[in-house]
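Trainee:
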Amino acid sequence: MNDIGVREARQVDVVVIGAGQAGLSAAYHLQRVGYQPDRDFVVLDHAPRPGGAWQFRWPTLTYGRVHGMHALPGMELTGADDSRPSSEVIGAYFTAYEERFDLRVHRPVDVTAVREGEGGRLLVESSEGTYATRTLINATGTWDRPFWPRYRGQETFRGRQLHTAQYPGPQEFAGQRVVVVGGGASGTQHLLEIAPYAASTTWVTRREPVFREGPFGEEEGRAAVALVEDRVRQGLPPRSVVSVTGLPLNDAIRRGIAEGVLDRQPMFDRITPDGIAWADGREIQADVILWATGFRPVVDHLAPLRLRETGGGIRLEGTRAARDPRIHMVGYGPSASTIGANRAGRAAVAEIRRLLAQQPASVSRPVAAAVN
Numbered sequence: 000m001n002d003i004g005v006r007e008a009r010q011v012d013v014v015v016i017g018a019g020q021a022g023l024s025a026a027y028h029l030q031r032v033g034y035q036p037d038r039d040f041v042v043l044d045h046a047p048r049p050g051g052a053w054q055f056r057w058p059t060l061t062y063g064r065v066h067g068m069h070a071l072p073g074m075e076l077t078g079a080d081d082s083r084p085s086s087e088v089i090g091a092y093f094t095a096y097e098e099r100f101d102l103r104v105h106r107p108v109d110v111t112a113v114r115e116g117e118g119g120r121l122l123v124e125s126s127e128g129t130y131a132t133r134t135l136i137n138a139t140g141t142w143d144r145p146f147w148p149r150y151r152g153q154e155t156f157r158g159r160q161l162h163t164a165q166y167p168g169p170q171e172f173a174g175q176r177v178v179v180v181g182g183g184a185s186g187t188q189h190l191l192e193i194a195p196y197a198a199s200t201t202w203v204t205r206r207e208p209v210f211r212e213g214p215f216g217e218e219e220g221r222a223a224v225a226l227v228e229d230r231v232r233q234g235l236p237p238r239s240v241v242s243v244t245g246l247p248l249n250d251a252i253r254r255g256i257a258e259g260v261l262d263r264q265p266m267f268d269r270i271t272p273d274g275i276a277w278a279d280g281r282e283i284q285a286d287v288i289l290w291a292t293g294f295r296p297v298v299d300h301l302a303p304l305r306l307r308e309t310g311g312g313i314r315l316e317g318t319r320a321a322r323d324p325r326i327h328m329v330g331y332g333p334s335a336s337t338i339g340a341n342r343a344g345r346a347a348v349a350e351i352r353r354l355l356a357q358q359p360a361s362v363s364r365p366v367a368a369a370v371n
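Residue numbers (numbering that gives the first Met the number 0): 0 to 371.
1. Please report the residue range of the beta strand (DSSP E) in which D12 lies.
2. Go ahead and pull the three-state DSSP assignment for L23.
3. What separation, rounded to the nearest whole angstrom, lies between the Cα atoms of P167 and G50?
4. Leaving out the 5 sequence neighbours to the left and right, which residues in its chain are closer than 8 Å to H105 when beta-carbon positions are compared?
5. Rounded to the nearest angstrom, what separates R64 and D81 at their Cα positions?
6. Please state whether DSSP places A320 in a helix, a strand or coil.
7. Pick helix, strand or coil for W277, following the three-state DSSP scheme.
8. Closest by CA to P208, which one among D262, A95, Y196, P47?
9. Consult DSSP for H69 and reduce its assignment to one of helix, strand or coil.
10. Here's a check: name, in chain order, each residue in its chain whose Cβ is nearer than 6 Å to the Cβ of S185, leaving out the five neighbours to either side.
11. First and last residue of the beta strand (DSSP E) that includes T200?
12. How close, in whole Å, do the beta carbons of L235 and G311 come, if the pair is a contact with beta carbons under 8 Å?
13. Please go through the same chain and pick out, in chain order, the residues whose beta-carbon is closer than 7 Å to the beta-carbon of L191, but skip the five residues on each side of it.
14. Would you check if the region 275 to 291 and the region 93 to 100 touch, i.e. whether three or more CB-CB distances between them fall below 8 Å?
15. Give the straight-line distance between the Cα atoms of I351 and T139, rounded to the nearest whole angstrom.
16. Can you tell me whether DSSP reads Y96 as helix, strand or coil?
17. Can you tell me whether Q54 is buried or exposed? The criterion is at least 16 other CB atoms within 10 Å of its CB, across all chains shown.
18. Exposed or buried, what is D37 when buried is set at 16 or more other beta-carbons lying within 10 Å of its beta-carbon?
19. Got a sec? Which residues, its chain only, sit under 6 Å from R205 by beta carbon, not counting five neighbours each side?
20. Between the alpha carbons of A302 and A8, how many angstroms are there, rounded?
21. Determine the direct distance from the alpha carbon of R342 to that of V11, and round the result to whole angstroms.
22. Report the three-state DSSP secondary structure of Q264 (helix, strand or coil).
23. Judging by CA-CA distance, which residue of S125, V108, N137, A131 is the nearest neighbour of G119?
24. Helix, strand or coil for G128? Go by DSSP, reduced to three states.
25. What does DSSP give as the partner residues of R325 in its beta bridges?
26. In this structure, does DSSP put L190 in helix, strand or coil?
27. Determine the direct distance from the alpha carbon of Q160 to that of R176, and round the result to whole angstroms.
28. Can you tell me whether E171 is helix, strand or coil according to DSSP?
29. To which residues of the same chain is A194 closer than 7 Å at the C-beta, ignoring the five residues directly before and after it?
30. Measuring CA to CA, which of T309, R295, L354 is closest to D323?
31. Can you tell me whether N249 is buried or exposed? The criterion is at least 16 other CB atoms within 10 Å of its CB, across all chains shown.
32. Under the DSSP definition of a beta bridge, which residues are partnered with L43?
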């Protein structure tokens, strides 16, 4: 634990953790209402360069295949080449955005913990020192916490296991027998890419995949976000918006179904040294298991504040943590989409501005029972 107190720490009004879509949106709106970067607020980002999680996406995910990228506030993304990797296109866009608005993102900076300080301040402990802040906008996303399910025999598998976060592109699986686990957009994209190169592919999911036909308009989008939002209001761990929208039944998906690539198998019961096996005795040999099983929110650094509910999630009222009005979560739960992140950044800044205006000297934390 860092023993630096409030007086020794660098004091600001707002610390923004994360410079992906949600973090940059929040920084833009902070500046727009009069807060100055490196004086009133600071943005800390652990990534080596601009681009948020996009900079780590696999090279075959071209910009033209990106699902629903929404422009950052105040600056459109125009003239992008659909054939270029999304990591390059969006990385360059985020770089230009940070420069245009002079957001002065600090990177690479790792935030290790956020603790209660004196006088209503929060102490943000990081690799570049400690900040004493009156409020916090957490925009850390999920990319750094890939979810790896555990199955019996997993440690005995002699082949290779990797997660979507490590996906290198389809060529690396040439001539191999590949099992893809997961019924989301990444799993289907991986299968469609890998199938022409692999010796064989097998698709395994816990639930029967739901394919969505027809248009997905504003009304459908609001309904989907409302389902995710309801979980967050209950203090349950958030699910992605995609998990409640289903998979769009486009031409590529239809072709994959017709060709037998998207032939879903129920979840296996155990992993063997040579592959996977079901309780009915059926086995499939495999060289690779690719876990397209999603991600979880990166919030461990907030653990000292004891924000979690008994359901395991952080309950929100809008973007504000129910247990502490100084903490805002953007890109979490219902705002974990590019358009949702933009709106959450603006909403968080509006609430923070009101809070700081009401209590200019200090912010007292409410007394509430909390869960470790």
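Every residue gets a Cβ at the ideal spot worked out from N, C-alpha and C, and that includes glycine.
Nothing here was measured: the structure is a model prediction, and the numbers come from that model.
Mentor: If we stick to the structure as given:
1. Unbroken beta strand (DSSP E) run through D12: 9 to 16.
2. Three-state result, L23: helix.
3. Their backbone Cα atoms lie some 18 Å apart in a straight line.
4. Sequence-distant Cβ neighbours of H105 in its own chain, meaning closer than 8 Å and more than five residues away, are V41, V42, L43, D44, E127.
5. Taking the Cα positions, R64 is about 8 Å away from D81.
6. Under the three-state reduction of DSSP output, A320 falls in the strand class.
7. Coil, per DSSP.
8. Out of D262, A95, Y196, P47, D262 has the C-alpha closest to the C-alpha of P208.
9. Judged by DSSP in its simplified three-state form, H69 adopts coil rather than helix or strand.
10. The answer, listed in chain order, is T163, A291.
11. That run of the beta strand (DSSP E) goes 199 to 204.
12. About 7 Å separates the beta carbon of L235 from that of G311, a gap short enough to meet the 8 Å contact definition.
13. Counting only Cβ-Cβ distances below 7 Å, and skipping sequence neighbours, we find A251, G255, V260.
14. Cβ pair count under 8 Å is below three, so no.
15. Each residue's alpha carbon lies about 18 Å from the other.
16. Here DSSP, grouped into helix, strand and coil, assigns Y96 to helix.
17. Label assigned to Q54: buried.
18. The residue in question, D37, is exposed, as its Cβ has fewer than 16 Cβ neighbours within 10 Å.
19. Correct list, in chain order: M266.
20. Roughly 20 Å between the two C-alpha positions.
21. Rounded to the nearest angstrom, the two C-alpha atoms are 24 Å apart.
22. Strand at Q264.
23. Looking at the Cα atoms, A131 is the closest of the given residues.
24. Reduced to three states, the DSSP call for G128 is strand.
25. Answer by DSSP bridge pairing: none, since R325 is not bridged.
26. For L190, the three-state secondary structure derived from DSSP is helix.
27. So the alpha carbons of these two residues sit roughly 12 Å apart.
28. E171 sits in a helix when the DSSP states are folded into three classes.
29. Contacts found: T200, V260.
30. Considering only alpha carbons, the answer is L354.
31. Per the 10 Å Cβ criterion, exposed.
32. I16, H105.
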